[in-house]
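Residue numbers (my numbering): 35 to 239.
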């Protein structure tokens, strides 16, 4: 299955796995909670949550899906949500494309659905902004992963979750009006990808 990944995405995954040693130990200690959940069930369901469901939660959803396919675990389901629906921020989508994902944007104007592909014959997922309790997300027996960089108490309580993991990431939105905008989103995408792959490698590597 991993060989069915798009060549550029496959190369990005290998690069990020090679960079695992650069993950600080305190981050690995946080990520172990995700690994523990992954090994606790045969069909993990992951819902990544942040306030606007527009940047970090989508990056994490995409990279967790890539990690699931790389480690040949297509039975893993990945979702995302927020306290309100906005839209996938274009620069977040650009950062995923730079890594080798393919994204087709739907016709919707305010909150388009983005078809995320990792390989020609591999299952695709849909990225779009939604509340965490949207009908597209699981309502029971899932793990919620909050990715807000603020204190965990600022992230929403998600009913139905059997596990809760807090993996905070700094919001690249801070650079939206900066010349460093593109590089900031690439950096955050790579950090999230690196850490998702490490957590999955501990479970399935």
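The beta-carbon is built from N, C-alpha and C at its ideal position, and this holds for glycine as well.
These numbers come from a predicted model, not from an experiment.
May I ask you to list the residues that DSSP assigns as paired with residue i?
i: residue 79; result: 111
i: residue 195; result: 176
i: residue 165; result: 116
i: residue 143; result: Beta-bridge pairing links residue 143 to no other residue.
i: residue 138; result: 149
i: residue 200; result: 180
At what residues does the alpha helix (DSSP H) containing residue i begin and finish?
i: residue 64; result: 59-72
i: residue 51; result: 41-52
i: residue 92; result: 90-104
i: residue 229; result: 215-238
Could you name the residues of the same chain whose beta carbon sits closer than 6 Å to that of residue i, not counting the 5 residues immediately before and after it, in chain order?
i: residue 197; result: 71, 177
i: residue 233; result: 65, 68, 69
i: residue 230; result: 97, 98, 101
i: residue 105; result: 234, 238
i: residue 46; result: 133, 134
i: residue 77; result: 109
i: residue 94; result: 82, 181, 226
Can you tell me whether DSSP reads residue i as helix, strand or coil?
i: residue 35; result: coil
i: residue 159; result: strand
i: residue 132; result: helix
i: residue 154; result: coil
i: residue 242; result: With the chain represented from 35 up to 239, any question about residue 242 goes unanswered, as that position is not in the structure.
i: residue 126; result: helix
What are the boundary residues of the beta strand (DSSP E) that includes residue i?
i: residue 179; result: 176-180
i: residue 148; result: 148-151
With residue i and residue j assumed to form a contact (beta carbons below 8 Å), what rounded beta-carbon distance in angstroms separates them?
i: residue 205; j: residue 90; result: 6 Å
i: residue 157; j: residue 213; result: Not a contact, Cβ separation roughly 38 Å.
i: residue 39; j: residue 122; result: That belief does not hold up - the Cβ atoms of residue 39 and residue 122 are roughly 21 Å apart, past 8 Å.
i: residue 166; j: residue 115; result: 3 Å
i: residue 193; j: residue 81; result: Rounded, the Cβ-Cβ distance is 11 Å, inconsistent with contact.
i: residue 180; j: residue 200; result: 5 Å
In chain order, what residues of the same chain have a beta carbon less than 7 Å from the beta carbon of residue i, not counting five sequence neighbours either side?
i: residue 159; result: 99, 112, 150
i: residue 53; result: 228
i: residue 215; result: 125, 209
Starting from the C-beta of residue i, find all residues in its chain whose C-beta is less than 8 Å away, skip the five residues before and the five after it, and write them out in chain order.
i: residue 220; result: 129, 132
Considering only heavy atoms of the ligand FMN, does any lie closer than 7 Å to the CB of residue i?
i: residue 237; result: As presented, the structure is devoid of all ligands, the ligand FMN included, so that no description of it is given.
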